[in-house]
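**Student:**
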Amino acid sequence: MRIDGHHLIGEVLDRRYRVDARIARGGMSTVFRGLDLRLDRPVAIKVMDAQFAADPKFLARFEFEARAVARLKHPGLVAVYDQGHDGELAFLVMELVEGGTLRELLRERGPMPPHAVCGVAEPVLSALGVAHAAGLVHRDIKPENVLISDNGDVKLADFGLVRAVAASNVTSNSVILGTAAYLSPEQVSNGYADARSDVYSMGVLVFEMLTGGTPFNADTSLSVAYQRLEKDVPSPSDFIEGVPHEFDEFVAEATSREPSHRFADAAEMAGALRTIGRALELPEYRVPAPERSAEHASARPAPVSPPFDDPERTDPHRRRPDQQRPVDVRSAGPHPTTAEFANSATAIVQPVGPHAVDRPVQHQPVHHHTKVVTGPTPRRPDAYPGPSVPDEPDQRQYPYPDFIEDRRRSRRTMIVWLLIIALLAVAVGVGGWWLGSGRYTAVPVISGLDRAAATERLTDAGLRTELRNEHSDIVPVDAIIGTDPAAGSRVVRDSTVALLISLGKPVVPDVVPGEAVDVVEQRLRDAGLRPIDGGTAYSTNAAAGSVATLDPAPGTEVAVDSEVKVVRSKGLPPVTLPDLKGQTEAEARRTLETQGITLRASQVIFDSSVDGGSVIRSEPAAGAQVAGGSEVTLVVSNAVKVPDVTGQSVNSARDDLTAAGLDVDVRQLAPINASLVIAQNPAGGKRVQPGSSVTITSFP
Numbered sequence: 005m006r007i008d009g010h011h012l013i014g015e016v017l018d019r020r021y022r023v024d025a026r027i028a029r030g031g032m033s034t035v036f037r038g039l040d041l042r043l044d045r046p047v048a049i050k051v052m053d054a055q056f057a058a059d060p061k062f063l064a065r066f067e068f069e070a071r072a073v074a075r076l077k078h079p080g081l082v083a084v085y086d087q088g089h090d091g092e093l094a095f096l097v098m099e100l101v102e103g104g105t106l107r108e109l110l111r112e113r114g115p116m117p118p119h120a121v122c123g124v125a126e127p128v129l130s131a132l133g134v135a136h137a138a139g140l141v142h143r144d145i146k147p148e149n150v151l152i153s154d155n156g157d158v159k160l161a162d163f164g165l166v167r168a169v170a171a172s173n174v175t176s177n178s179v180i181l182g183t184a185a186y187l188s189p190e191q192v193s194n195g196y197a198d199a200r201s202d203v204y205s206m207g208v209l210v211f212e213m214l215t216g217g218t219p220f221n222a223d224t225s226l227s228v229a230y231q232r233l234e235k236d237v238p239s240p241s242d243f244i245e246g247v248p249h250e251f252d253e254f255v256a257e258a259t260s261r262e263p264s265h266r267f268a269d270a271a272e273m274a275g276a277l278r279t280i281g282r283a284l285e286l287p288e289y290r291v292p293a294p295e296r297s298a299e300h301a302s303a304r305p306a307p308v309s310p311p312f313d314d315p316e317r318t319d320p321h322r323r324r325p326d327q328q329r330p331v332d333v334r335s336a337g338p339h340p341t342t343a344e345f346a347n348s349a350t351a352i353v354q355p356v357g358p359h360a361v362d363r364p365v366q367h368q369p370v371h372h373h374t375k376v377v378t379g380p381t382p383r384r385p386d387a388y389p390g391p392s393v394p395d396e397p398d399q400r401q402y403p404y405p406d407f408i409e410d411r412r413r414s415r416r417t418m419i420v421w422l423l424i425i426a427l428l429a430v431a432v433g434v435g436g437w438w439l440g441s442g443r444y445t446a447v448p449v450i451s452g453l454d455r456a457a458a459t460e461r462l463t464d465a466g467l468r469t470e471l472r473n474e475h476s477d478i479v480p481v482d483a484i485i486g487t488d489p490a491a492g493s494r495v496v497r498d499s500t501v502a503l504l505i506s507l508g509k510p511v512v513p514d515v516v517p518g519e520a521v522d523v524v525e526q527r528l529r530d531a532g533l534r535p536i537d538g539g540t541a542y543s544t545n546a547a548a549g550s551v552a553t554l555d556p557a558p559g560t561e562v563a564v565d566s567e568v569k570v571v572r573s574k575g576l577p578p579v580t581l582p583d584l585k586g587q588t589e590a591e592a593r594r595t596l597e598t599q600g601i602t603l604r605a606s607q608v609i610f611d612s613s614v615d616g617g618s619v620i621r622s623e624p625a626a627g628a629q630v631a632g633g634s635e636v637t638l639v640v641s642n643a644v645k646v647p648d649v650t651g652q653s654v655n656s657a658r659d660d661l662t663a664a665g666l667d668v669d670v671r672q673l674a675p676i677n678a679s680l681v682i683a684q685n686p687a688g689g690k691r692v693q694p695g696s697s698v699t700i701t702s703f704p
C-alpha cells in the first residue's frame, strides 16, 4: 500500500504524534509536518510505505539504522527524535527544518556561483565526515536530502534509509537502490558502498550546483546509472563559463571511477574544499532558503489545544484536529462587576503612571474555587468592645501637646540624621576614590631599559613581574619587547604584569614524519605560527593520515603569525614491480623491501630454465603498478642441477648424486665400486626435478 498523503491527515500515530500536513512524497515514504503532543514540539514524520513496514527484515534494519543515526551529534545532521510503529505503518520522527530543499533552491535560482557552492557543500561534508568517522555511509546523497532552513542552516537528512530498504524482502537483487544520477560506479556494478561512494555522490552534487544539471542523462534510470561505468564526469567549466579550474580538479578527483583515486572520506574532501576557498578568497556566504518550498506550503496555524482536563486531550482519537473548536475566553462567562472586584480575595494589579494603558482585562473562567467574601459583615455589639466614652467632656482627658519639647526633639533628630549623612558621604567618597583611583595604578613605560631596570620600575609602581618569552620580527633576541598589559594600562595594585622577552623571529619547528596532526599543529601555535591544511602527499616514512612534511620546511625562519602548511600523508607512493627473475629469494626480498613492498609468500615449482632457489617470476608480474605497502608472492624454482660425475669412481659418483637429491642407476660389467664412470644421463649441468634418476655407466 502506498501512502496517499491525505488519509493520514489528522491522525495521531502511537498516541503521540499528530499528522498535520503533507510536505513531500518519495519513492519509499511520505514526509509529513506533525506535532509531538507530549512535548508540544513541531516535528517531521517520515511514514514508510506499508509494503516495507510489513517486512520483518526491513523493520529490524530500520530500527538499527535509526538508533545509529540518533547517536550522531552535529548541527549539519537532521536530528532523529524517535521511531515506531502504528498498526501497519512504520515511521521515523525527525527535526522539522523550516525552509526547503536544495532541489527547490536550484529550481528557483539555477546554477550557483562558487562561493554559494562552498556555502552548501562545506556544512554537508562536515556533517557527512562525522558520520563516516562513526562508520556510517549515507548511500543516497542528492539535492532532495540537503535541507536549507530559513535561518540559512544547511542540514543532511535520510541516513540509513536505503540500507534498510536493501535489507528487506521487497527488493530484488536486480534493483539498483539509490538515485541513479548520483550513484557511484561500484554501487551500480556490485551494490557495494563505502565512504568513497558518498564522496562520488558529493562530487556529482557539486557538479550540479555549479552547472544546474547532472553529468549523465538518458531515457531510463538504468541507462543513466550504467553510463558512469564507462564515462568520466565532465568538467563543470565545459558547461558554465568562468568556473575556476580548481573546481574542475576538485570534481574530477571526487568522481574518479576508481575508488582508490578519490578522497578517502568526506572529512578529507571538506579539507580540500576549504583549501580551494582560501586560495580563491571566496567570501563567507549564508545560503537562502527557497521561497516556494513544499515545507512552506505545508505550514499553517496549529489548532488550539484543549485544556488538560479535557477528555479530548487525553484521548486524541475522540476528536480530529479539523473538528476542534477554538475557545474564546472572552465568551466563557460574564465579566465580574466593579463591586465584585472590590470584594474579591484576589486582585489583578494593573500598571499605573504615565505609561499605563487603560485596556479591558480578559479573565479565564475558574472552576471549583472557594469563594472568599471580604465585604462588611454585621457583628454583635459586644463582639469587640471599644473604650468607654464619658458623658461629658473633661479637659484633663485631652491635654494640649508640648510644642517646645516637640521642637527640641525634632532638632536633635535632624542633627543626628545630618551626622549620619555626612559620615555616609565621607565613606562613599573614600570608597569611590579607592575603587576608582586609589586601588589602581598605571603600567609604567619600560622602553629602552634592560631586564633588571624594567623589573625595578614595575616594582616601584606597586606591581609584581613575571617573565614571558615571545617571538618578534624586529626586537633582537633577549631584548625586552614590552609588557602585558601594555604600558599606560590601568591595573589593580599588586597584580602581576608580564615582562615580554624576545625570542627573535620564529623558526618552523622540527617534526618527525608520522607524528599526529594535532600534536604538530599545537607545536606550531606554540612557536607563534598559524597551521593550515596543506593537503595530502605520498610519503615513504609516514603512515596515512599522519604528518608527512611542513611547508615551509622545518628550520626555516619566518615572520610571526606566518601560515605553515601541514601536509598529511597519503601513505606509500605507487610502486612499479621490478623484474626479479634469476635472483635468489633473499635477494628478491631485499629488493622489494627497499621499495616498500612486503613479501607475502613463496611458491615453489619446477622450471628447467632457472636454477633451484632462484625466482622464476612474481605475482603480480614485473612491470605492474601496485600501491605502496602491497604484498607480493614469489614463484621460486626447485630445479636440481645434475653434477658432472664422469671420470669419478662409481662409489664417489653415487655419493655426489645422492647428496644432490637424485636417484642413481649404475650400469657396469662387474660390481666394482672402484670402476670409473665413463658416461651419465642426464649429462652434468642439466636441470631436473628433485628426485629424478641419473644413469651412470662405468668400466670395467
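Here the sequence shown is numbered in the working numbering, starting from 5 and rising by one per residue. Glycine included, each C-beta is placed from N, C-alpha and C at the ideal position.
Cutting at 8 Å between CB atoms, please list the residues of its own chain near residue 562, excluding the five before and the five after it.
**Tutor:** The answer, listed in chain order, is 509, 510, 511, 512, 533, 556, 568.
**Student:** With a CB to CB cut of under 8 Å and the five nearest residues on each side skipped, what residues in its chain are close to residue 141?
**Tutor:** Within the same chain, residue 141 has close Cβ partners 135, 167, 197, 198, 199, 201, 202.
**Student:** Which two residues bound the contiguous alpha helix (DSSP H) that contains residue 276?
**Tutor:** Residues 270-284.
**Student:** Return the chain-ordered ranges of every alpha helix (DSSP H) run that is complete within the region 179-254 and spans a minimum of 4 residues.
**Tutor:** With a minimum length of 4 residues, the continuous alpha helix (DSSP H) runs that stay inside the region 179-254 are 189-193, 199-215, 225-231.
**Student:** Is it right to say residue 262 is buried, meaning 16 or more other beta carbons lie within 10 angstroms of its own, or is it exposed?
**Tutor:** Exposed.
**Student:** What's the gap between the Cα of residue 642 and the Cα of residue 610?
**Tutor:** Cα to Cα, residue 642 sits roughly 5 Å from residue 610.
**Student:** Could you tell me whether the region 639-656 touches the region 679-693, where touching means 3 or more Cβ pairs closer than 8 Å?
**Tutor:** Segments in contact, yes.
**Student:** Within its chain, find whatever has a CB closer than 6 Å to the CB of residue 620; leave out the 5 residues flanking it on each side and keep chain order.
**Tutor:** Closer than 6 Å at Cβ, skipping near neighbours: 611, 614, 639, 641.
**Student:** Could you tell me which of 77, 23, 42, 76 sits nearest to residue 51, measuring between CA atoms?
**Tutor:** Comparing Cα-Cα distances from residue 51 to each of 77, 23, 42, 76, the minimum goes to 23.
**Student:** Of all the alpha helix (DSSP H) runs that stay within the bounds of the region 551-590, which reach a length of 4 or more residues?
**Tutor:** Complete alpha helix (DSSP H) runs here, min 4: none at all.
**Student:** With DSSP as the reference, identify every bridge partner of residue 87, one or two as the case may be.
**Tutor:** Its beta-bridge partners are 96.
**Student:** Quick check: the Cα distance between residue 68 and residue 530, rounded to an integer number of angstroms?
**Tutor:** Computed Cα separation, rounded: 45 Å.
**Student:** In whole angstroms, what separates the C-alpha of residue 70 from that of residue 139?
**Tutor:** If I take the Cα positions, the gap works out to 14 Å.
**Student:** Going by other Cβ atoms of all chains shown within 10 Å of its Cβ, with 16 needed for buried, is residue 77 buried or exposed?
**Tutor:** Per the 10 Å Cβ criterion, exposed.
**Student:** Use the C-beta contact count for residue 702: other C-beta atoms within 10 angstroms, 16 or more gives buried, fewer gives exposed.
**Tutor:** So residue 702 counts as buried.
**Student:** Look at the Cβ atom of residue 576, then the Cβ atom of residue 636, and state whether they are nearer than 8 Å.
**Tutor:** Not closer than 8 Å, so no.
**Student:** Hey, would you say residue 2 sits closer than 8 Å to residue 154, going by beta carbons?
**Tutor:** The chain is shown only over 5 to 704; residue 2 falls outside these bounds and no answer can be derived.
**Student:** Could you spell out where the beta strand (DSSP E) holding residue 38 opens and where it closes?
**Tutor:** Segment 33-40, the beta strand (DSSP E) holding residue 38.
**Student:** Could you check whether residue 213 and residue 124 sit closer than 8 Å to each other, using their CB atoms as the reference points?
**Tutor:** Yes, these two residues count as a Cβ contact at 8 Å.
**Student:** For residue 145 and residue 490, I'd like the C-alpha separation in whole angstroms.
**Tutor:** Rounded to whole angstroms, residue 145 to residue 490 spans 53 Å at the Cα level.
**Student:** How about residue 414: is its C-beta nearer than 8 Å to some C-beta of chain D?
**Tutor:** Absent from the structure is chain D; it holds one protein chain and no more.
**Student:** Between the Cα of residue 74 and those of 86, 64, 65, spot the shortest distance and give me the residue it belongs to.
**Tutor:** For the residues 86, 64, 65, the minimum Cα distance to residue 74 belongs to 86.
**Student:** With DSSP as the reference, identify every bridge partner of residue 148, one or two as the case may be.
**Tutor:** Beta-bridge pairing links residue 148 to no other residue.
**Student:** In the DSSP assignment, the beta strand (DSSP E) including residue 685 goes from what residue to what residue?
**Tutor:** 680-685 is the extent of the beta strand (DSSP E) around residue 685.
**Student:** Which residue's Cα is closest to the Cα of residue 517: 539, 550, 598, 541?
**Tutor:** Of the listed residues, the one whose Cα sits closest to residue 517 is 550.
**Student:** Does DSSP classify residue 603 as helix, strand or coil?
**Tutor:** It is a strand residue.
**Student:** Report the partner residues of residue 23 according to the DSSP bridge assignment.
**Tutor:** Paired residue(s): 38.
**Student:** Is residue 414 helix, strand or coil when you go by DSSP?
**Tutor:** Of the three classes helix, strand and coil, the one that applies to residue 414 here is helix, per DSSP.
**Student:** Using DSSP's beta-bridge definition, name the partner residues of residue 126.
**Tutor:** The partner list for residue 126 (beta bridge, DSSP) is empty, contrary to what the question assumes.
**Student:** Are residue 150 and residue 185 close, meaning C-beta to C-beta below 8 Å?
**Tutor:** Result no, Cβ atoms of residue 150 and residue 185 do not sit closer than 8 Å.
**Student:** Do residue 471 and residue 503 have their beta-carbon atoms positioned less than 8 Å apart in this structure?
**Tutor:** Yes.
**Student:** Quick one: using the 10 Å Cβ neighbour count with 16 as the cut-off for buried, is residue 11 buried or exposed?
**Tutor:** With fewer than 16 other Cβ atoms within 10 Å, it is exposed.
**Student:** Can you grab the Cα-Cα spacing for the pair residue 205 / residue 494, in whole Å?
**Tutor:** About 58 Å.
**Student:** Relative to the C-alpha of residue 20, which residue among 580, 63, 581, 38 is closest?
**Tutor:** Among 580, 63, 581, 38, the Cα nearest to that of residue 20 belongs to 38.
**Student:** Based on the DSSP output, what are the partners of residue 618 in its beta bridges?
**Tutor:** Its beta-bridge partners are 588.
**Student:** Using 8 Å as the threshold, is the region 95-112 in touch with the region 295-302, meaning 3 or more CB pairs across them?
**Tutor:** Counting Cβ pairs under 8 Å, three or more are found: they touch.
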